[in-house]
Amino acid sequence: MCDDCEQTIADHLMHGFTKLREALHGGRLPRTKGGVVVREMEVIHQWVTSPEASSTRIDAITPLIKKRPHPGEPAEVRAFRAQCIHHELHSLEARVRRADAKSRGAATRPERDLRTADWSRPLRDDPAAFDLLLDAILRVRHGARDLYAIPADLLTQHRLDWRSGYRLLRRALEQLRELHPEFHRTNAMIHLDLPATELTDSPEDLFLREEERQEANAAIQHMLAPGPRGLAYQRLLKHICAATPPQATELIPWTAAAFEITLPEAETLVRETIHRVATTDVDVFLQMELPAEA
Numbered sequence: 027m028c029d030d031c032e033q034t035i036a037d038h039l040m041h042g043f044t045k046l047r048e049a050l051h052g053g054r055l056p057r058t059k060g061g062v063v064v065r066e067m068e069v070i071h072q073w074v075t076s077p078e079a080s081s082t083r084i085d086a087i088t089p090l091i092k093k094r095p096h097p098g099e100p101a102e103v104r105a106f107r108a109q110c111i112h113h114e115l116h117s118l119e120a121r122v123r124r125a126d127a128k129s130r131g132a133a134t135r136p137e138r139d140l141r142t143a144d145w146s147r148p149l150r151d152d153p154a155a156f157d158l159l160l161d162a163i164l165r166v167r168h169g170a171r172d173l174y175a176i177p178a179d180l181l182t183q184h185r186l187d188w189r190s191g192y193r194l195l196r197r198a199l200e201q202l203r204e205l206h207p208e209f210h211r212t213n214a215m216i217h218l219d220l221p222a223t224e225l226t227d228s229p230e231d232l233f234l235r236e237e238e239r240q241e242a243n244a245a246i247q248h249m250l251a252p253g254p255r256g257l258a259y260q261r262l263l264k265h266i267c268a269a270t271p272p273q274a275t276e277l278i279p280w281t282a283a284a285f286e287i288t289l290p291e292a293e294t295l296v297r298e299t300i301h302r303v304a305t306t307d308v309d310v311f312l313q314m315e316l317p318a319e320a
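Each residue of the sequence shown is one higher than the one before, starting from 27 at the first, in the numbering used here.
Below you can see the structure in the form of structure tokens.
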């Protein structure tokens with residue numbers, strides 16, 4: 027993630043902690059639009075103010091909150107994660123895009139304007155052309171670089187070939203420019219000049235993936251501690267990351283002998299190490315000089 031993304035996520039997470047702090051200090055729990063107390067906040071409040079909480083170590087709870095939800099975890103951990111992390115990061119990308127659009131004078135909900143505004147009524151006369159136009163506007167808003175990269179399923183839906191779809195979309199864009207030049211500029215053309223790429227992961231997934239990368243990094247650093255076992259781990263990493271890795275039938279027996287463990291244990295160790303290698307930035311560890319094989 028870039029610095030701006032990290033700061034944006036941190037700001038939203040801080041907003042969740044601020045709500046919790048206000049609830050704890052003021053005693054007024056947040057409520058839904060229907061006036062019902064938010065259940066997760068009630069669970070968190072009961073947990074934090076309980077006698078047991080005074081002897082609970084925060085450093086023991088924090089790793090649980092960072093993990094993905096799983097069956098059997100404490101209710102207070104699940105409530106905290108749901109209310110102070112997931113809720114704050116939910117639909118973050120859409121909110122950031124709306125804020126960015128607003129700052130540039132673009133529509134915060136261009137699809138709504140195109141579907142309901144009086145000025146856009148002529149665009150809706152041709153359903154096929156309108157669907158192509160709406161798709162193009164939303165695609166470039168989400169980082170696509172080509173207005174005319176019409177999805178194949180959309181062409182199939184309207185029984186169009188690419189050439190016919192291209193002509194319809196070009197005509198619709200021209201009509202949009204004539205009807206509302208400013209909307210055309212700020213919601214279509216301006217995006218094509220931005221150095222952006224289309225995002226496929228949610229902000230929460232990016233945040234969790236970064237946590238997993240840091241944990242894997244720490245695990246590999248621990249594995250490579252000085253000593254005979256650390257040297258064995260270095261050789262195992264070298265084998266896994268080789269340009270032509272050995273076959274499992276060779277690597278697992280080698281691992282069993284190197285670590286003096288059983289074959290099933292060696293298979294588990296190899297699988298776990300491969301997962302960590304795939305998760306972390308392991309290149310830095312592979313630059314070290316390894317002793318020659320005995």
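Heads up, the beta-carbon is just placed ideally off N, CA and C, and yes, glycines get one too.
This one's a predicted model, so the numbers in the text were calculated from it and none came from an experiment.
For residue i, the nearest candidate out of the options (CA to CA)
i      : options                           : result
Asp161 : Asp152, Pro148 and Ala175         : Ala175
Asp157 : Arg141, Gly42, Arg167 and Trp145  : Arg141
Ile300 : Val103, Glu286 and Ile266         : Ile266
Arg297 : Ala284, Ile278, Phe285 and Thr306 : Ile278
Asp179 : His113, Gly191 and Gly169         : Gly191
His210 : Ala244, Glu286 and Arg167         : Arg167
Arg94  : Leu234, Glu204 and Ser76          : Leu234
Ala284 : Thr294, Pro272 and Leu262         : Leu262
Pro254 : Glu286, Arg189 and Asp151         : Glu286
His113 : Met40, Leu181, Thr288 and His248  : Met40
Other residues of its chain near residue i: CB distance less than 7 angstroms, five sequence neighbours each side excluded
i      : result
Leu250 : Gly256, Tyr259, Gln260 and Phe311
Thr44  : none
Glu68  : Leu55
Glu237 : Lys92
Ile70  : Leu46, Glu102, Ala105, Phe106 and Gln109
Pro153 : none
Pro221 : Residue placement at Pro221 is flagged as unreliable, the pLDDT there being 44, under the threshold of 50; a coordinate-derived value is accordingly withheld.
Glu224 : The predicted position of Glu224 is uncertain, since its pLDDT is 47 and thus under 50; no value can be drawn from it.
Glu99  : Leu90
Ser129 : Interpretation of Ser129 is limited by its pLDDT of 49, a score under 50 that renders its predicted location unreliable; the figure taken from the coordinates is listed afterwards. Around Ser129: no qualifying Cβ.
Ile84  : none
Beta carbon of residue i nearer than 7 angstroms to that of residue j
i      : j      : result
Cys110 : Gly42  : yes
Ala292 : Thr281 : yes
Ala155 : Leu186 : no
Ala242 : Arg302 : yes
Val74  : Leu90  : no
Ile246 : Thr306 : yes
Trp145 : His96  : no
Leu159 : Ala198 : yes
Close-in-space but distant-in-sequence residues of the same chain around residue i (CB under 8 angstroms, 5 per side omitted)
i      : result
Thr58  : Val64
Gly131 : Because Gly131 carries a pLDDT of 45, less than 50, the predicted location of this residue cannot be relied on, and the following value inherits that uncertainty. Closer than 8 angstroms at the Cβ level, and outside the excluded window around Gly131, lie Glu208 and Thr212.
Leu173 : Ala162, Arg165, Val166, Leu195, Leu199, Ala214 and Leu218
Leu149 : Leu140, Ala155, Phe156, Leu159, Ala198, Gln201, Leu202 and Leu205
Leu50  : His71, Val74 and Thr75
Arg272 : In the sequence under discussion, the amino acid at residue 272 is Pro, which differs from the Arg named in the question. Same-chain partners within the cutoff: His265 and Trp280.
Pro177 : Asp161
Trp188 : Ile176 and Leu181
Ala79  : Trp73
Close Cβ partners of residue i (< 6 angstroms) along its chain, the five nearest in sequence each way excluded
i      : result
Leu202 : His210
Pro136 : Ile163 and Asn213
Glu66  : Ala105, Ala108 and Gln109
Ala36  : none
His184 : Ala154
Contact with chain B by residue i, beta-carbon distance below 7 angstroms
i      : result
Pro272 : The displayed structure is made up of one protein chain only, and chain B is not part of it.
Next item on the list: Can you check the stretch 82-112 for any alpha helix (DSSP H) of at least 4 residues that lies completely inside it and give the ranges in chain order?
Entry: Listed in chain order, they are 84-92 and 101-107.
Item checked: Complete alpha helix (DSSP H) runs within the stretch 278-305 (minimum length 4 residues, chain order) -> If we require 4 residues or more, the alpha helix (DSSP H) runs fully inside the stretch 278-305 come out as 289-305.
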